[in-house]
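Structure first, then comments.
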Amino acid sequence: MNRRVLVTGGRAFADRVAVFRTLDALQPIECVIHGDATGADALAREWARVRGVPDEAYAADWENLEGVPASRRRINRRTRRYYNVTAGFERNQRMLDHAQPTHVIAFAGGRGTNDMVGRTIRARAAGAAIEFVDMREVSQ
Numbered sequence: 001m002n003r004r005v006l007v008t009g010g011r012a013f014a015d016r017v018a019v020f021r022t023l024d025a026l027q028p029i030e031c032v033i034h035g036d037a038t039g040a041d042a043l044a045r046e047w048a049r050v051r052g053v054p055d056e057a058y059a060a061d062w063e064n065l066e067g068v069p070a071s072r073r074r075i076n077r078r079t080r081r082y083y084n085v086t087a088g089f090e091r092n093q094r095m096l097d098h099a100q101p102t103h104v105i106a107f108a109g110g111r112g113t114n115d116m117v118g119r120t121i122r123a124r125a126a127g128a129a130i131e132f133v134d135m136r137e138v139s140q
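Residue numbering for the sequence shown is 1 to 140, as defined by the UniProt record's numbering.
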């Protein structure tokens, strides 16, 4: 079976052992998909590189404001520049639509992780053949 595994989790998530054990248990994996952020995404990318498995990174396009209404723009306190507050959620949908994962693994995280979990559950309800592995409680 060609497993395309999407990993989601918080930026502060640092349990390397949990990520490595969970992904090792799913081998063989064709590709690891992640949101190109720190935390769980970085650990998934590291696992892929250590194991020689290709990875696909889907970075959120925070700075692209083209067509973004004012209601979805905020000012970054550090840079004092506007950013798209929904860019992470849009990236999550892009990962489901374009990467076509066969498995989604959710590690502990926050709103972005919960958004990805919700999108996965809705996709499964609509007929998508995605296995969902919920590690949020186990990996805190």
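Think of the CB as a built atom: it goes at the ideal place given N, C-alpha and C, for glycine as much as any other residue.
- A contact between stretches requires three or more CB pairs, one per stretch, nearer than 8 angstroms, and the region 32-45 meets this requirement with the region 5-16.
- Here DSSP, grouped into helix, strand and coil, assigns Thr22 to helix.
- Within the region 49-121, the complete alpha helix (DSSP H) segments of 4 residues or longer fall at 87-99, listed in chain order.
- With a 10 Å radius around the Cβ and a threshold of 16 neighbouring Cβ atoms, Asp55 comes out buried.
- Here Asp61 is actually not in contact with Ala44; their C-beta atoms are around 20 angstroms apart, not less than 8 angstroms.
- Cβ-Cβ separation between Ala57 and Asp36: approximately 4 angstroms, consistent with a contact (criterion under 8 angstroms).
- With respect to the 8 angstroms criterion, Thr8 and Thr113 are classified as neighbours on the basis of their beta carbons.
- Phe132 is bridged by DSSP to Val104.
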